[in-house]
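Colleague:
Number of protein chains: 2
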Amino acid sequence: MSVEKRTQSIDLSHHLSELSKARQTSPLKGIMKYFAQPGILSLAGGLPSPAYFPVSDISANVLVPESFSLSPTEPSTSLSWLWKLFGSHNATKEKTQAITIPKYPTVKEDINLATSLQYSQAVAQAHLQNFLKQFTSEVYRPAFEDWTILVDTGNTDGWSRAVMTLCNPGEGVLCEEWTYPSAVASMIPFNIKPVPVGMDALGMKSDDLENLLSQWDPVSRQMPRPHVMYIVPVGQNPSGSTMSVARKKQIYDICVKYDVIIVEDDPYYFLQLGTYISKDDRFPGATPSGKPSADESKRYLSTLTPSFLNFDYEGRVIRLDTFSKTIAPGSRLGWFTCNPVFAERLERQGETTAQAPCGFGQAVITKILTHWTYDGYIRWLRGLRTEYQQRRDFFIDCLADEFHLHEVPAVSGVWEGCIVYQASSQVKKSTGMTEKYSARNRTMFSFVPPVAGMFVWMKLHLDQHPSFVPGDEDTLETKLWTKLAENGVLFGPGWMFSANAMAEGSDNNDSGHFRISFSNGEFTDFKKAITIFGRVIREFFQEDL
Amino acid sequence: MSVEKRTQSIDLSHHLSELSKARQTSPLKGIMKYFAQPGILSLAGGLPSPAYFPVSDISANVLVPESFSLSPTEPSTSLSWLWKLFGSHNATKEKTQAITIPKYPTVKEDINLATSLQYSQAVAQAHLQNFLKQFTSEVYRPAFEDWTILVDTGNTDGWSRAVMTLCNPGEGVLCEEWTYPSAVASMIPFNIKPVPVGMDALGMKSDDLENLLSQWDPVSRQMPRPHVMYIVPVGQNPSGSTMSVARKKQIYDICVKYDVIIVEDDPYYFLQLGTYISKDDRFPGATPSGKPSADESKRYLSTLTPSFLNFDYEGRVIRLDTFSKTIAPGSRLGWFTCNPVFAERLERQGETTAQAPCGFGQAVITKILTHWTYDGYIRWLRGLRTEYQQRRDFFIDCLADEFHLHEVPAVSGVWEGCIVYQASSQVKKSTGMTEKYSARNRTMFSFVPPVAGMFVWMKLHLDQHPSFVPGDEDTLETKLWTKLAENGVLFGPGWMFSANAMAEGSDNNDSGHFRISFSNGEFTDFKKAITIFGRVIREFFQEDL
């Protein structure tokens, strides 16, 4: 059904919630347009004079775009570099350039604090708006013409506003069966329930979605057929799955057929890491050019899986982007890309909450981006990607060191079509210490190395536990999690990522999973954590008895 | 009813909305407490490494706390100073000190970007939390013991969260008959309606409030008796009125009697400007000490009217504070002070919207405040106050130059008990030009010089218009407003501040008012604007025919 040529978005205003339709333009904001008249003397707003902003200028030393290498280096090199940085808090290794934002600019149009720190409409400041438009246009290439950019304070805010703009109480939202708990927490209080759709290694299953929607019975389900989908297509949280282009197109076409709005929450888009290759088979490839360049940007972007926007010829996708993973979580800055009707309603909602995102943050981030330039920012993102690739590789290497990993193709279930790594104890050579344990060839857990994102999603084979009784999964997961925590290691407990975990009275929490993040921490700590995990899980499975 | 000794807050949880009660703790956030364990190896969260934050440090040149004089100087002096600053965009006059926030601090506990720019709970960062606690404790001295501080992204966000935390659809909120339009815009979409209470020169009238609540008939009113009040007690927006201590106590006691929660929106608290004295009677007093000091802070604070918190022995006040008027609107940073039960629910709501306020903003603002110290910040606030006093005085001087102002005591209505300035045309001496107009002694407008805030609330005597027919107020107000705008001057149109302006199908918009802000702009522009206003309004009233 997808078409190549760009079209105008279709009228989708029937998706707006009652709440959203009842929002009026803030009348004070309506006056704002007169401010633009040259020479107007405005005594209408309640704006303080910039003379009273206590900051004459803000400066920063900003990392250069090519701060991180593009080719995964030998672990040892990478480690020593990171160790220095973390261990000694010695930041002198960082190569930086200075930026400054004055209160009063010498060139009127330059980024300045007199404007950035003033009241503004609930949209991005001008330079940021321009940057985001260029970025979205070149990176995501939406298939409809009249797409609109609107800033928010990050994807949690973005999703929360999307829910209130699109959903009425009593409705349901389609989502992956394992999903981001905060996304569910934004819905439940409004009596909007998650409607889980089955997953495989590519994320949400299109046949499950089609079946669910075609066979929807509002009476037995006690809710109308869902018209909104929440989806994390890249480096999915928590499963780490990443959707193929073909799957995305299938999902999109089903959403057209059943008139569903897709909210694409995509914080890990630039953490597309490639396939994990075991340590022994890994070798450094040719180092790509390290300097920012338009050609390199284009070539790199062509390697990334396209956004839903890229074949959204109707304008039914609301894409959520954020600077949390690419600049810093404290940015509290992100943006919607969507049709202009939705954007206008989302803006109205913004006016009565945070209004615009923080001016200090907007000014500094915009100055960094425009200083780097578009190609510099793409170069920065490529460096980050390589860093996370090294982190993933090192983390899985640690698992491979600690356990016997057996690679098997999965023929069904969540990992259908993937190579699954099944972990069992390995015979540990006695080193003069008393420690030794036998290999019972019992799979204690399994996982698929993620090709994107920050997480390894570990399935615990609790049915292999010596004292396992069906129905015990919940208890055993919690027991193992607590044992680990007591031994000084925290993983993400699987139950909290179940789409139904927060639905009232829900009792179908699946169980026996951990979400493990390799995004933070020192490499030595990964090693330590996995060693502790090895000891605790073997003890738990009574492998050493 | 008020008592002096401090008590614990009483149980007011029956005020929580259904929405608020349905909120659960974000399960991901629940894990956060384990992070505090020394030496814990956490792979649970999805936190990026601070090594990937592209900022090595942020610096700023910050105005010194004593930047603004404490004694109103001669207008000419003040003007020339301001002219230079604004006119030439020459900021070199600003006396500044440098602050720096490193990513990795040399002393672990110092403010640093590695922490400030990381994910955090929806509360203030540690240094800011400490500062706000001290500030609230010393400045507002709440009458109940277990008051709690919670950050938000400014008072619009604060009020919006208070509405959703306290009100169910179909309810009403008590407010001043003229009120802040954005506050109403946050309620209307949820089917929560403003319930206007009459005002006089001291703001909301206690007898009107008592009558309204005692005679409340849920059937004829089609809503239950309101249990929430929205009030701007200092420099009220738009009326400029400021509530006395006695009135506040009356209002508070009525709220105790009828079990009403008071949401005190107080952005103008530090703009308490004193009584306007006409130019000829004004003379510079003794200059107070310009340096920050604990004694001066105490002495100054004792001159300010107390917050509702100060006699809130039950914990039924939710106070909203903001840095928008004291640092900069772009801060998008403010805080609630309220009982711990409300604070916990407000925090839950914050988790699913902006999460924490922007880390760039929190870091810079906190660094400024701690660099200045508490007494320095109080000194800064005192300087701001004097600046706004000069602005108010100059602005009203302009009106006195342009019109004949006749001072009369008001015996009834909104300004009961105040000296009202009635403005009519004055005989203009012919200066060789052709311009001249007669004094018809007709009051075109009247106002009370505000003792706090940023606004002059101007009542238009449209019934004095030659072609006035009762019921024409709306049309005439808009006509005059548009004429002014076409001549290059923007005032705030009165109709938009009516508490009912946004209620659907409302037809009781009062009319014939302008809200004029003296908070921004150059003094020369005030002069120009009032000259244009003089010409336009005389023409409008056909004074020069």
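As given, the protein sequences belong to chains A and B, one line each in that order. The opening position of the first sequence corresponds to residue 1 in the working numbering, with each subsequent residue numbered one higher. The opening position of the second sequence corresponds to residue 1001 in the working numbering, with each subsequent residue numbered one higher. The beta-carbon is built from N, C-alpha and C at its ideal position, and this holds for glycine as well. Here the structure is a predicted model, which means the values were calculated and not measured.
1. Given that Tyr119 (chain A) touches chain B, what residues does it touch there, using C-beta distances under 8 Å?
2. Is Lys84 (chain A) helix, strand or coil when you go by DSSP?
3. What are the residues that DSSP puts in a beta bridge with Cys175 (chain A)?
4. Label Arg6 (chain A) either buried or exposed according to how many other C-beta atoms from any shown protein chain fall within 10 Å of its C-beta, with 16 as the threshold for buried.
5. Taking the alpha carbon of Ile254 (chain A) as the point to measure from, which residue in A:Ser214, A:Ile149 and A:Glu138 has its own alpha carbon closest?
6. By a C-beta neighbour count over all protein chains shown, 10 Å radius and 16 as the cutoff for buried, is Pro196 (chain A) buried or exposed?
7. Does Ile516 (chain A) come within less than 7 Å of chain B when only Cβ atoms are used?
8. Where Lys279 (chain A) and Ile396 (chain A) are concerned, what is the direct C-alpha to C-alpha distance, given to the nearest angstrom?
9. Residues of chain A with a CB under 9 Å from the CB of Trp1380 (chain B): which are they?
10. At which residues does the beta strand (DSSP E) containing Leu405 (chain A) begin and terminate?
11. What does DSSP give as the partner residue(s) for Met204 (chain A) in the beta ladder?
12. For a test of the three-state rule: what should DSSP assign to Asn191 (chain A), helix, strand or coil?
13. Would you mind working out which of B:Phe1541, B:Val1489 and B:Phe1514 sits nearest Ile1532 (chain B), comparing C-alpha positions?
14. The beta strand (DSSP E) spanning His513 (chain A) covers which residue range?
15. According to a CB-to-CB cut-off of less than 9 Å, which residues of the stretch 142 to 161 of chain A neighbour chain B?
16. Can you give me the Cβ contacts of Lys205 (chain A) inside the same chain, cut-off strictly under 7 Å, excluding the 5 residues immediately before and after it?
17. Identify every residue that forms a DSSP beta bridge with Asn339 (chain A).
18. Tell me whether Lys291 (chain A) sits in a helix, a strand or coil according to DSSP, three-state version.
19. CA-CA distance, Met1444 (chain B) and His1406 (chain B)?
20. Between Gly361 (chain A) and chain B, is there a C-beta pair that is closer than 7 Å?
21. Which whole-angstrom value describes the C-beta separation of Pro226 (chain A) and Val260 (chain A), a residue pair presumed to lie in contact below a C-beta threshold of 8 Å?
22. What residue range is occupied by the uninterrupted beta strand (DSSP E) comprising Gln215 (chain A)?
23. I'd like to know if Thr1136 (chain B) contacts chain A, where contact means its C-beta is closer than 7 Å to some C-beta of that chain.
24. For Tyr1104 (chain B), report the span of its beta strand (DSSP E) as first-last.
25. Short of 6 Å in beta carbon distance, which residues of its chain neighbour Leu550 (chain A), apart from the five on each side in sequence? Order them along the chain.
26. Mapping DSSP to helix, strand and coil, what is Leu1320 (chain B)?
27. 7 Å is my cut-off, CB to CB: does Glu66 (chain A) come that close to chain B?
28. State the Cα-Cα distance for the pair Asp157 (chain A) and Thr1353 (chain B), rounded to the nearest angstrom.
29. So which residues of chain A does Ile1040 (chain B) contact, with C-beta pairs closer than 7 Å?
30. Count the other CB atoms within 10 Å of the CB of Pro602 (chain A); is the residue buried (16 or more) or exposed (fewer)?
31. Which residues of chain B have a Cβ atom closer than 8 Å to the Cβ of Asn237 (chain A), listed in chain order?
32. Who are the Cβ neighbours of Met1187 (chain B) in its own chain at under 8 Å, not counting the five residues just before and after it?
33. Find the residues of chain A that neighbour Asn1190 (chain B), judging by a C-beta separation of less than 9 Å, and give them in chain order.
34. If you check the beta carbons only, do Ser1120 (chain B) and Asn520 (chain A) fall under 7 Å apart?
35. Assign Asp1321 (chain B) to buried or exposed, taking buried as 16 or more other Cβ atoms, counted over all protein chains shown, within 10 Å of its Cβ.
36. Is there at least one Cβ from chain B nearer than 7 Å to Ser519 (chain A)'s Cβ?
Modeller: Working from what's here:
1. As a first step, residue 119 (chain A) is located in the first sequence; it is residue number 119 there, counting from the start. What Tyr119 (chain A) touches in chain B: Ser1324, Pro1329 and Gly1330.
2. Within the first sequence, residue 84 (chain A) is the residue found at index 84, counting from 1. Its pLDDT being 46, under 50, Lys84 (chain A) is placed unreliably in this model, and the coordinates cannot settle the point.
3. One-based indexing of the first sequence puts residue 175 (chain A) at position 175. Per DSSP, A:Pro196.
4. For the purposes of this step, residue 6 (chain A) is taken as residue 6 along the first sequence, with counting starting at 1. So Arg6 (chain A) ends up on the exposed side.
5. For this step, residue 254 (chain A) is matched to residue 254 along the first sequence. The shortest Cα separation from Ile254 (chain A) among A:Ser214, A:Ile149 and A:Glu138 belongs to A:Ser214.
6. For the purposes of this step, residue 196 (chain A) is taken as the residue at position 196 of the first sequence. By the neighbour-count rule (16 or more Cβ atoms within 10 Å), Pro196 (chain A) is buried.
7. Taking the first residue of the first sequence as position 1, residue 516 (chain A) is located at position 516. Chain B, which has a Cβ nearer than 7 Å to the Cβ of Ile516 (chain A), makes this yes.
8. As a working mapping, residue 279 (chain A) is identified with position 279 in the first sequence. As a working mapping, residue 396 (chain A) is identified with position 396 in the first sequence. Near 9 Å, if we compare the C-alpha coordinates of Ile396 (chain A) and Lys279 (chain A).
9. Working through the second sequence from its first residue, we reach residue 1380 (chain B) at position 380. Near Trp1380 (chain B) (Cβ distances below 9 Å), the residues of chain A are Pro54.
10. Walking along the first sequence from the start, residue 405 (chain A) turns up at place 405. Where Leu405 (chain A) is concerned, the enclosing beta strand (DSSP E) stretches over His404 to Pro409.
11. In the first sequence, counting from the first residue as 1, residue 204 (chain A) sits at position 204. Note: Met204 (chain A) sits in a beta bridge opposite A:Met199.
12. As a first step, residue 191 (chain A) is located in the first sequence; it is residue number 191 there, counting from the start. In the structure shown, Asn191 (chain A) sits in coil (DSSP, three-state: anything other than H, G, I, E or B).
13. Within the second sequence, residue 1532 (chain B) is the residue found at index 532, counting from 1. Nearest option by C-alpha distance: B:Val1489.
14. Residue mapping note: residue 513 (chain A) aligns to position 513 of the first sequence, counting from 1. Unbroken beta strand (DSSP E) run through His513 (chain A): His513 to Ser517.
15. Asp152, Thr153, Gly154, Thr156, Asp157, Trp159, Ser160 and Arg161
16. Position 205 of the first sequence, counting from 1, holds the residue named residue 205 (chain A). Closer than 7 Å at Cβ, skipping near neighbours: Val197, Gly198 and Met199.
17. Taking the first sequence and counting its residues from 1, the one referred to as residue 339 (chain A) is at position 339. Partner(s): none; Asn339 (chain A) has no beta bridge.
18. Residue mapping note: residue 291 (chain A) aligns to position 291 of the first sequence, counting from 1. In the structure shown, Lys291 (chain A) sits in coil (DSSP, three-state: anything other than H, G, I, E or B).
19. What you label residue 1444 (chain B) is simply residue 444 of the second sequence in a count that begins at 1. What you label residue 1406 (chain B) is simply residue 406 of the second sequence in a count that begins at 1. Approximately 12 Å between the Cα atoms of the pair.
20. Here residue 361 (chain A) refers to the residue found at position 361 when the first sequence is read from its first residue. It does; some Cβ of chain B falls within 7 Å.
21. The residue you call residue 226 (chain A) lines up with position 226 of the first sequence. The residue you call residue 260 (chain A) lines up with position 260 of the first sequence. Confirmed, Cβ separation roughly 7 Å.
22. Looking up residue 215 (chain A) in the first sequence gives position 215. Here Gln215 (chain A) belongs to no beta strand (DSSP E), and DSSP marks it neither H nor E.
23. Indexing the second sequence from 1 puts residue 1136 (chain B) at position 136. Judged by the 7 Å Cβ criterion, Thr1136 (chain B) is not in contact with chain A.
24. Stepping through the second sequence from its first residue, residue 1104 (chain B) is reached at position 104. From DSSP, Tyr1104 (chain B) is part of no beta strand (DSSP E); its letter is neither H nor E.
25. Residue 550 (chain A) cannot be examined here, being either before or after the span of chain A that is shown, 1 to 545.
26. Within the second sequence, residue 1320 (chain B) is the residue found at index 320, counting from 1. Of the three classes helix, strand and coil, the one that applies to Leu1320 (chain B) here is strand, per DSSP.
27. Translated into positions along the first sequence, residue 66 (chain A) becomes position 66. Output row for Glu66 (chain A): interface = no.
28. For this step, residue 157 (chain A) is matched to residue 157 along the first sequence. For this step, residue 1353 (chain B) is matched to residue 353 along the second sequence. Using only the alpha carbons, I get a separation of about 4 Å.
29. Here residue 1040 (chain B) corresponds to residue number 40 of the second sequence, with the count starting at 1. Here the neighbours are Gly488 and Leu490.
30. Nothing about residue 602 (chain A) can be read from this structure; chain A reaches only from 1 to 545.
31. Here residue 237 (chain A) corresponds to residue number 237 of the first sequence, with the count starting at 1. By Cβ distance, chain B contributes Gly1046.
32. The residue you call residue 1187 (chain B) lines up with position 187 of the second sequence. Val1163, Cys1167, Val1173, Lys1193 and Pro1194.
33. Along the second sequence, one-based indexing puts residue 1190 (chain B) at 190. Correcting the residue identity first, residue 1190 (chain B) is Phe in this sequence and not Asn. Result: Leu19 and Ala22.
34. In the second sequence, residue 1120 (chain B) corresponds to position 120, counting from 1. In the first sequence, residue 520 (chain A) corresponds to position 520, counting from 1. Not closer than 7 Å, so no.
35. Your numbering for residue 1321 (chain B) matches position 321 in the second sequence. It is buried - the Cβ of Asp1321 (chain B) has at least 16 other Cβ atoms within 10 Å.
36. Within the first sequence, numbered from 1, the residue matching residue 519 (chain A) stands at position 519. So, interface residue.
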